[in-house]
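K.L.:
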Amino acid sequence: MYKKIEELKKRMPLENHHMAKLTEHMFEALDRYAEEHRRLVAIDAIAGIKPNGQEEIAFYEHLKEFKDVLIKELEKTVEEIEHKGDKHWKKHYKDGI
Numbered sequence: 011m012y013k014k015i016e017e018l019k020k021r022m023p024l025e026n027h028h029m030a031k032l033t034e035h036m037f038e039a040l041d042r043y044a045e046e047h048r049r050l051v052a053i054d055a056i057a058g059i060k061p062n063g064q065e066e067i068a069f070y071e072h073l074k075e076f077k078d079v080l081i082k083e084l085e086k087t088v089e090e091i092e093h094k095g096d097k098h099w100k101k102h103y104k105d106g107i
């Protein structure tokens with residue numbers, strides 16, 4: 011997913027690279043959150059508290075879905091930037107970018 015962010019960043023004008031950087035920071039924060047969760051589950055397992063497999067699956071699926079939403083919104087933002095000034099472009103965001 012970081013590769014996709016870099017590809018989108020290359021499509022942006024230099025003055026808009028901060029949006030891709032923000033997305034990278036959000037991904038890093040989610041990765042740290044997932045790592046902290048993994049550590050807590052491991053600590054619980056050592057203490058004899060068995061993790062619920064379904065909850066673990068749901069947790070990681072939700073993180074992936076959230077990352078997918080972030081990527082999709084960044085893609086839409088890049089498209090808006092690329093079509094700025096095109097009167098025939100149907101905007102993704104009514105209030106602009």
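With the sequence shown counted from 1, adding 10 to any position gets you this note's numbering. Note that beta-carbon positions come from the ideal geometry of N, C-alpha and C, so glycine has one too.
I need the boundaries of the alpha helix (DSSP H) containing residue 96, first residue and last residue.
P.N.:
Neither: residue 96 is in no alpha helix (DSSP H) and is coded neither H nor E.
K.L.:
Kindly give me the distance between the Cβ atoms of residue 87 and residue 11, rounded to whole angstroms, as I take these residues to be in contact under 8 Å.
P.N.:
Not really, about 16 Å apart at Cβ, beyond 8 Å.
K.L.:
Whole angstroms are fine: how far does the CA of residue 37 sit from the CA of residue 101?
P.N.:
So the two alpha carbons sit approximately 26 Å from each other.
K.L.:
Whole angstroms is fine: what's the gap from residue 55's alpha carbon to residue 47's?
P.N.:
Answer to the nearest angstrom: the Cα atoms are 12 Å apart.
K.L.:
Specify, as a first and last residue, the run of the alpha helix (DSSP H) that residue 11 falls within.
P.N.:
Looking at the DSSP string, residue 11 is not in any alpha helix (DSSP H), and its letter there is neither H nor E.
K.L.:
Just to confirm before moving on: does the CB-CB distance between residue 91 and residue 81 stay below 8 Å?
P.N.:
Against a cut-off of 8 Å, the Cβ pair of residue 81 and residue 91 comes out as no contact.
K.L.:
Counting C-beta neighbours from all protein chains within 10 Å, is the total for residue 94 16 or more, i.e. buried, or is it exposed?
P.N.:
Under this definition residue 94 is an exposed residue.
K.L.:
Grab the span of the alpha helix (DSSP H) containing residue 71 for me, first residue to last.
P.N.:
Element bounds for residue 71: 63-92.
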